[in-house]
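Okay, so here's the structure we're looking at.
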Amino acid sequence: MVSLDYVFEDIMTRQTFPGHSAAPERSHPLLRAGLRKALVPALVLAGLATSALAEMAPLPEPVPQPATVPQPVADAPVMAAPRDRAARPTADGIAHFAQVAAFEGGSGMAGQTFNLGIRAAFEEANRAGGVNGLTLALHGVNDSYEPDQTIAAGRQIADDPRMLAFVGSYGTATSTALQSVAADAGMALVGPLTGAGFARNTALGNVFNLRTSYAAEAEAWVAHLVDQRGFTRIGVLYQDDGFGRSGLAGVRAALARRGLETAAIGGYVRNTTAVKAAFLDMRDADVEAIAVISTQAPLSTAIRLARAHGLPDTVFTTLSFLSADALAAELGPMGAGVIFSQVVPPTWETDRPVVARYLEALAAVEPEAAPAFISLEGYMVGRLVLAGLAAAGPDPDRARFLKAMAGLTEVPVEDLTLHFGPDDNQGLDAVFLTRLSADGRIEDLTN
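Under UniProt numbering, the residue at position 142 of the sequence shown is numbered 142, and the numbers go up by one with no gaps.
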């Protein structure tokens with residue numbers, strides 16, 4: 001079994017710990033904007049009072065460095081599982097939660113941003129005295145968007161009785177894998193960043209979603225393209241796994257409701273950018289728009305191909321699963337016109353109480369971090385966890401937390417209310433459409 005000491009890799013410098021091959025250095029403009037300098041210590045143990053953990057080695061203090069050259073945390077253990085499995089999970093006064101997600105690679109920026117939002121909610125609660133007298137800690141472990149790594153990390157985390165629940169997984173295949181691990185361990189999975197149908201199956205009993213489904217996002221795209229703009233030739237480029245097929249099914253269903261079919265369909269292998277053959281099929285079909293169900297790198301590759309090879313005016317649409325900010329930073333003016341569906345309110349609506357409070361919490365954690373839809377979603381996931389922890393009482397364990405989450409019906413998050421019920425494990429239903437402008441701004445298309 002892979003040790004958690006080896007699962008965690010420093011996501012900023014690509015320092016690789018024992019048991020992992022070295023990865024090439026990658027840089028992103030948003031990291032250089034200040035987000036990166038906060039994430040190394042935070043992803044190792046966010047808000048953790050290490051002195052209270054007799055079985056856990058202390059973490060070295062990071063040496064202050066310029067934001068562009070963060071100091072790696074050398075050989076830092078993530079969790080050392082105690083042998084006394086009968087011990088109270090919160091005997092140290094800390095409520096421990098784990099996030100297994102992509103913190104590096106093609107999806108790394110989105111995973112980091114999601115983590116930042118969850119931490120903003122947790123640390124906001126900690127500044128106010130915690131929940132039921134407990135401090136919250138978020139333990140982040142990278143899975144590189146690979147289910148095998150998700151399972152390895154998830155099993156190690158589940159073997160530590162201090163860990164109450166999993167929070168904020170990233171992706172469909174990875175969340176599917178983690179749900180199974182969580183179910184075997186009697187743990188909740190709260191706020192997975194996936195809109196796939198499997199996570200909305202209330203029979204699972206341990207999954208609690210914040211966001212709406214990919215089917216709802218696809219309906220919003222198609223309504224805009226067909227009902228408002230009169231398009232009839234829409235192609236679909238999708239990742240050939242559960243994530244991509246879920247989005248593809250949503251687009252097909254939305255088109256069928258309007259008497260249309262997809263003009264072209266092309267798949268690609270996950271964690272690759274092998275989209276050229278699919279793009280050529282789209283070009284041959286003379287599509288007016290391409291709905292893309294992918295991660296960022298395949299989408300940006302397809303856009304570059306389209307702009308260079310005969311489809312300069314084709315409209316691209318994609319899911320909230322991606323970071324619009326990251327794509328804008330990568331493509332610049334080439335990204336103009338790309339439509340993103342979003343599942344939380346726009347971050348520029350600062351008169352909305354939920355946005356205003358999120359911005360305050362984000363600034364308290366990382367003053368230089370730019371607001372983003374994915375970190376706002378993370379913040380709201382964190383608030384959902386807080387509600388479950390409050391309902392679990394002063395001495396929570398996995399079973400009490402899971403029962404408390406299952407008992408939630410209405411969770412107020414400022415001006416929004418998350419609704420749950422016996423046949424509804426999804427707190428939000430709204431979809432917002434946005435579009436990238438030539439100067440990299442995100443524009444509202446909903447109103």
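Quick reminder that beta carbons are idealized off the backbone N, C-alpha and C, glycines included. Every value quoted in this text rests on a predicted model; they were computed, and no experiment measured them.
Ranking L436, I234 and D159 by CA distance to the CA of I339 puts L436 first.
Following the DSSP letters along the chain, one finds L436 inside the beta strand (DSSP E) bounded by residues F432 to L436. Counting the other Cβ atoms within 10 Å of the Cβ of P333 gives fewer than 16, which makes it exposed. Judged by their CB atoms, E124 and A361 are nearer to each other than the 9 Å cut-off. Under the three-state reduction of DSSP, F114 is assigned to helix. Between the beta-carbon of A173 and that of G242 there is about 6 Å, and that keeps the pair under the 8 Å contact cut. When C-alpha distances from A91 are compared across T113, A438 and L164, the shortest belongs to L164. Selection S341, L138, G93 and L408 evaluated against I442 yields S341 as nearest (Cα-Cα). Straight across, the Cα-Cα distance linking N132 with N126 is about 11 Å.
Here S180 is not bridged, per DSSP, to any residue.
In the structure shown, P161 adopts coil according to DSSP, grouped into three states. Nearest to A302 by C-alpha distance, out of G335, A329 and S323, is G335. Taking the CA atoms as reference points, P396 sits about 9 Å from A390. If you keep only unbroken alpha helix (DSSP H) runs of at least 4 residues inside the segment 405–434, you get nothing at all. Beta-bridge partners of F340 (DSSP): T318 and T434. Using a Cβ distance threshold of 9 Å, A364 and A120 count as a contacting pair. Listed in chain order, the non-local C-beta contacts of A220 below 7 Å within the same chain comprise S341, V431 and L433, local neighbours out to five positions each way being set aside. Between S175 and T194 the beta-carbon gap is near 5 Å, inside 8 Å, which marks them as a contact. Linking T113 to G378 through their CA atoms gives a straight-line distance of about 8 Å. If you look at D284, you'll find it in the alpha helix (DSSP H) that goes K276 to D284. CA-to-CA, the gap between W348 and G191 works out to about 23 Å. Judged by DSSP secondary structure, L260 falls outside any beta strand (DSSP E); it is assigned neither H nor E. When secondary structure is reduced to three states using DSSP, V251 falls in the helix class. Beyond the five residues adjoining it in sequence on each side, A254 comes within less than 7 Å, by CB distance, of A218, E219 and V222 in the same chain, given in chain order.
The criterion of a C-beta distance shorter than 9 Å is satisfied by V385 and V167. A straight line joining the alpha-carbon of V381 with that of I118 spans about 6 Å. Where F97 is concerned, the enclosing beta strand (DSSP E) starts and stops at I94 to A101.
DSSP places L386 within a helical segment (H, G or I) once states are collapsed to three.
For P161, the closest alpha carbon among the candidates M282, A98, R245 and A291 is that of A98. Per DSSP, the unbroken alpha helix (DSSP H) holding D325 starts and ends at A324 to L331. Distance from the Cα of D444 is smallest, within the candidate group R88, H224, A196 and L210, for H224.
DSSP places L237 inside the beta strand (DSSP E), whose first and last residues are I234 to Q239. The shortest C-alpha to C-alpha distance from S107 to any of A152, Y170 and V355 is the one to Y170. Excluding residues up to 5 positions away in sequence, M282, V287, E288, A289, I290 and A306 lie with their Cβ nearer than 8 Å to the Cβ of T314 in the same chain.
Taking the CA atoms as reference points, A356 sits about 19 Å from L210. Distances from the CA of A328 to each of V100, A274, A128 and D439 were compared; the closest alpha carbon is that of D439.
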